[in-house]
Amino acid sequence: ASLAGNRRFIGVRRPVLVEGLSAREEKREAAARRDAAEAAQSPAGRGGTPETVPGDDAGGPEEMVQLSGRTTCDRIVVFDGPRRLVGRIIDVDIRDAGAWSLDGVVADGLAHAVPLELDPVPDVASPPLYQIGPPARPVS
């Protein structure tokens, strides 16, 4: 990939397989964990209340973080979204391009979609459903 090759994606919506946290986000969380561990080891940090550290409990599925994924043509795309998008294929609007990656935003507000409240069938694992926009009116 090159800067010239990546620039042609600016302004385009592409499907992206969300692979996980971006390298920048992973470094940020590793530094936060390291700082918390050092604070716990220091004499002043002992006996205090434990702090919540990003990444300790994976931040929950709704925490907004910088994610990374790949397009169908194997271009790396970074964008902000909730952790629950990892492993899914979503549409991303490409806003900027660098020599090594594309920067984008999650299309159609999927990052802020809310889970639908359904009565799940017991003992059956199924992926959660999400709704974008206002709830649909019941069909009569």
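Convert by adding 279 to the 1-based position in the sequence shown; the result is the number in our numbering. All C-beta atoms in this analysis are idealised placements derived from N, C-alpha and C, irrespective of residue type, glycine included.
For residue j and residue i, believed in contact at Cβ under 8 angstroms, the rounded distance
i	j	result
Asp382	Val365	The pair is not a contact, with the Cβ atoms about 18 angstroms apart (cut-off 8 angstroms).
Same chain, Cβ closer than 8 angstroms to residue i, five either side skipped, listed in chain order
i	result
Asp370	Arg292, Arg293, Pro294, Val295, Val385, Ala386, Asp387, Leu389
Ser281	Ala378
Arg349	Val295, Leu296, Glu298, Ile355, Val356
Asp336	Because Asp336 sits at a pLDDT of 49, beneath the cut-off of 50, its placement in the model cannot be relied upon, and the following sentence gives the value as read from the coordinates. If we look at Asp336 and ignore the five residues flanking it on each side, it has no Cβ neighbours.
Ala283	none
Ile373	Phe288, Ile289, Gly290, Val291, Arg292, Arg293, Val356, Leu381, Asp382, Gly383
CB contact flag (residue i, residue j, <7 angstroms)
i	j	result
Arg286	Ala376	yes
Arg367	Val297	yes
Ser380	Ile355	yes
Residues sharing a beta bridge with residue i, DSSP
i	result
Pro361	Met343
Ile373	Gly383
Thr350	Val295
Ile355	Arg349
Ile368	Leu296
Beta-carbon proximity list for residue i, same chain, < 7 angstroms, skipping 5 on both sides
i	result
Ser301	Gln345, Leu346, Ser347, Val357
Thr351	Pro294
Lys306	none
Residues near residue i by beta carbon distance below 6 angstroms, same chain, minus five either side
i	result
Asp359	Met343, Gln345
Gly299	Val365
Gly290	none
Quick one: which unbroken alpha helix (DSSP H) runs of 4-plus residues sit fully inside the region 299 to 324? Chain order, please. Listed in chain order, the complete alpha helix (DSSP H) runs (minimum 4 residues) inside the region 299 to 324 are 302 to 320.
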